[in-house]
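Chains A and B, in that order, give the protein sequences.
Residues 1 to 229 (my numbering) are what the first sequence spells out, left to right.
Residues 230 to 458 (my numbering) are what the second sequence spells out, left to right.
Virtual Cβ for every residue (Gly too), placed ideally from N, Cα, C.
These numbers were taken from a predicted model, which means no experiment stands behind them.
Below is one structure; the comments refer to it alone.
Protein chains: 2
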Amino acid sequence: MSRSARLLSLLESLRRRRYSVTGKVLAEELGISLRSLYRDIATLQTQGARIDGAAGVGFRLRPGFLMPPLMFSNEEIEALVLGSRWVADRADAPLATAASGALAKIASVLPENLREDLEGSGLVVGPSREPKPDGAISTAVRKAMREEFKVRVDYLDAQNRKSQRTIWPIALGFFESIQVVVAWCELRQSFRHFRLDRIGNVQPLPTRYPKKRRILLGQWRASEGIPES
Amino acid sequence: MSRSARLLSLLESLRRRRYSVTGKVLAEELGISLRSLYRDIATLQTQGARIDGAAGVGFRLRPGFLMPPLMFSNEEIEALVLGSRWVADRADAPLATAASGALAKIASVLPENLREDLEGSGLVVGPSREPKPDGAISTAVRKAMREEFKVRVDYLDAQNRKSQRTIWPIALGFFESIQVVVAWCELRQSFRHFRLDRIGNVQPLPTRYPKKRRILLGQWRASEGIPES
DNA sequence: TCGCTACTGACGGAATCTGTCGCAACCGGG
DNA sequence: CCCGGTTGCGACAGATTCCGTCAGTAGCGA
């Protein structure tokens with residue numbers, strides 16, 4: 001690989017990661033020595049890329065870019081198509097529609113050859129075995145999450161006890177056949193998760209919850225020991 | 230000026246002009262010889278830049294090398310993030326990397342407020358229960374599909390009989406825990422599907438298969454009664 | 001304090017780049 | 001049909017850059 005190609009791919013590697021990467025990892029990824037990596041970083045910096053390097057932590061590309069990114073590779077197109085097909089198959093109707101809408105927008109900026117890749121992609125998703133869960137609940141929960149509003153739900157717990165709770169939904173997890181909403185539960189005053197198929201009814205409340213969802217998400221991650229993805 | 234810096238500014242020069250420029254002009258602008266300019270153009274082309282050069286006319290950068298800004302709805306962003314996370318979790322390593330790469334590229338052409346939606350998306354994919362299948366086989370099959378090449382595989386059928394077949398892979402299906410490749414089997418002279426975890430070895434052949442993959446895909450769909458997605 | 005990591009400098013051998021020359025192929029206009 | 005302008009390619013020798021290794025400094029977090 002030529003050096004200039006390598007610089008571009010280094011930029012991509014940095015762009016891809018939202019948090020710090022150590023030089024050693026990058027060097028291995030590119031197949032060069034650590035010393036050369038530092039030289040490459042220096043080169044990019046002199047050309048205008050804003051790269052933070054902190055000792056003991058790693059490198060990070062600050063948003064604010066030297067160049068608009070290059071066009072998608074055909075593998076990236078494949079990944080997007082496959083992912084969208086999965087969403088179209090597994091998620092509730094509005095989200096499924098959004099998935100194909102997003103794909104259409106991407107297609108419209110693609111050069112001819114890549115558009116062919118997109119349209120003729122051979123990566124398909126097998127149909128889900130389980131029947132689709134109630135889409136209305138999923139849609140309502142996502143809406144509340146997006147806008148950071150509280151909702152009131154009728155819930156049936158694992159022991160089949162009914163309860164009614166006010167929760168602050170902060171994440172929605174997709175598993176093989178079920179979906180689980182992670183939320184702060186006002187009743188229990190702690191983070192809980194609720195299977196979507198055990199929620200009988202969702203009533204959106206007009207009250208915003210008092211913290212940023214991102215903050216809550218971070219706290220939940222910390223409490224469960226889940227690293228930043 | 231280092232060569233890599235020069236390549237970037239050559240790209241800028243080409244992008245700035247809507248119509249053809251002669252090599253001589255570009256060479257003078259960059260302060261290099263004509264021969265070196267041709268070499269630089271060739272380098273950019275091998276790196277994916279689509280540059281038309283017509284004798285007697287000049288060079289021109291065709292659109293589609295750099296990504297234009299994109300606009301999505303919040304729901305479309307959510308769909309893309311969710312889909313990409315699923316791919317990043319379930320597919321083989323290169324495809325998983327491509328998924329996050331695509332997302333990063335999308336992020337960098339998004340306006341600020343939408344970028345926040347992308348980074349703070351609360352839609353997550355539960356970890357797969359099954360161990361990941363052998364990524365090398367999946368990668369090799371995808372490559373053959375993309376380039377329409379035949380491959381030779383060692384296969385263990387449902388009755389545990391070993392066989393070696395030359396197949397034309399045309400599609401790869403992702404199911405809950407397994408992946409299945411759909412292919413034309415030269416041995417059986419018909420479309421067959423092969424579980425990826427029962428393929429012991431994949432040997433890429435240097436021969437292209439004689440029909441377009443899209444045509445074969447259509448024939449297979451017809452033979453199975455699957456509608457166009 | 002310790003471990004990890006970002007940085008920098010120097011050096012010699014390897015790899016790449018550069019300009020020059022020559023030549024073929026192609027386009028448009030005379 | 002020819003001719004000037006242009007892209008494109010190969011070869012070559014000298015200049016330049018690049019690379020890995022070794023050594024050392026310094027900052028961050030625990």
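**Neighbour-count burial assignment, A/A183, 16 or more Cβ in a 10 Å radius** = buried
**Amino acids of chain A, ordered along the chain, whose beta-carbon sits closer than 7 Å to that of B/K391** = Per Cβ cutoff of 7 Å: no residues; B/K391 is ~26 Å from chain A at best.
**Item:** DSSP bridge partner residues for A/D52 (one or two, in chain order)
**Value:** A/R60
**Asked** Got a sec? Which residues, its chain only, sit under 8 Å from B/L273 by beta carbon, not counting five neighbours each side?
**Response** L236, L239, L240, I280
**Asked** Cβ of A/V125 less than 9 Å from any chain B Cβ?
**Response** yes
**Request:** Report the rounded CA-to-CA distance for A/T166 versus A/I137, giving the unit in angstroms.
**Result:** 15 Å
**Prompt:** What first and last residue would you give for the alpha helix (DSSP H) that runs through B/Q448?
**Reply:** 442-453
**Prompt:** Between which two residues does the beta strand (DSSP E) containing B/A400 stretch?
**Reply:** 391-403
**Asked** Taking the continuous beta strand (DSSP E) assigned at A/Q179, which residues delimit it?
**Response** 179-185
**Message:** By alpha-carbon positions, which one of B/D426, B/A234, B/E348, B/R371 ends up nearest to A/T46?
**Reply:** B/A234
**Asked** chain A partners of B/W397, CB-CB under 7 Å?
**Response** Neighbours of B/W397 in chain A, taken as residues at a C-beta separation under 7 Å, are lacking, since the least C-beta distance is about 11 Å.
**Request:** Tell me whether B/T436 sits in a helix, a strand or coil according to DSSP, three-state version.
**Result:** strand
**Prompt:** In terms of DSSP beta bridges, what is A/R192 paired with?
**Reply:** A/A183
**Message:** If I follow the unbroken alpha helix (DSSP H) through A/Y19, where does it start and stop?
**Reply:** Careful: A/Y19 lies outside any alpha helix (DSSP H) and carries neither H nor E.
**Asked** Can you list, in chain order, the residues of its chain whose CB lies under 6 Å from that of B/D321, leaving out five sequence neighbours each side?
**Response** G364, S367, T368
**Request:** Could you pull the start and end residues of the alpha helix (DSSP H) that A/K143 belongs to?
**Result:** Taken as a continuous stretch (DSSP letters only), the alpha helix (DSSP H) holding A/K143 covers 135-147.
**Request:** Using a Cβ cut-off of 9 Å (strictly closer), state whether B/N342 contacts chain A.
**Result:** no
**Request:** Drop a sphere of 10 angstroms on the beta-carbon of A/G48, count the other beta-carbons inside from all chains shown, and report buried for 16 or more, exposed for fewer.
**Result:** When all chains shown are included, A/G48 counts as exposed.
**Alpha-carbon spacing of A/S2 relative to B/S419, whole angstroms** = Distance between the alpha carbons of A/S2 and B/S419: 44 Å.
**Message:** Would you say B/A331 lies against chain A (beta-carbon separation less than 9 Å)?
**Reply:** yes
**Asked** By DSSP, does B/I428 sit in helix, in strand, or in coil?
**Response** Three-state DSSP puts B/I428 in a strand.
**Prompt:** alpha helix (DSSP H) containing A/V81: first to last residue?
**Reply:** 74-90
**Item:** Rounded C-alpha distance that separates A/P127 from A/G200
**Value:** 26 Å
**Message:** I'd like to know if A/E78 contacts chain B, where contact means its C-beta is closer than 9 Å to some C-beta of that chain.
**Reply:** yes
**Message:** At the 9 Å Cβ level, is B/G312 part of the contact set with chain A, yes or no?
**Reply:** yes
**Prompt:** Which value, in whole angstroms, describes the spacing of the CA atoms of A/C185 and A/Q203?
**Reply:** So the alpha carbons of these two residues sit roughly 15 Å apart.
**Message:** Going by DSSP in three states, B/V338 sits in which element: helix, strand or coil?
**Reply:** Coil at B/V338, not helix or strand.
**CB contact below 9 Å: B/Q276 versus chain A** = Answer yes: the Cβ-Cβ gap between B/Q276 and chain A drops below 9 Å somewhere.
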